[in-house]
Amino acid sequence: MSFYYHKRITIVPKLVHLNVSNRGWSVTFGSRRAHVTRDSHGHRSASVRLPGGFSWRHRSRRQ
């Protein structure tokens, strides 16, 4: 049996969030429709939700 921990801390309402879990931390800038995330492992991701159920996501690693 494994345990998982996740906590989302709002820094600026609806704009900046700090996410803490047992794997590390990440900072998210933006809203639910469009946001950019940077994590403690050097990954960056961007996501945009479009009308009609479509979405776009891009993930990259810092070099």
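The sequence shown begins at 219 in the numbering used here and counts up by one. Ideal Cβ placement from N, Cα and C applies to all residues, glycine included. Note that this is a predicted model, so its numbers are computed, not measured.
- Exclusion of the five residues before and after alanine 264 leaves Val254, His276 as the residues of its chain whose Cβ lies within less than 6 angstroms of its Cβ.
- At the C-beta level, tryptophan 243 and leucine 233 stay beyond 8 angstroms of one another.
- Apart from sequence neighbours up to five positions away, the residues of its chain that approach leucine 268 with a beta-carbon distance below 8 angstroms are Trp274, ordered along the chain.
- For serine 278 against arginine 256, the beta-carbon gap comes to about 11 angstroms, at or over 8 angstroms, which does not count as contact.
- Inter-residue distance for tyrosine 223 and arginine 250 is about 22 angstroms (C-alpha atoms, whole angstroms).
- Contact between valine 230 and alanine 252 does not hold, since the beta-carbon distance rounds to 16 angstroms and is not under 8 angstroms.
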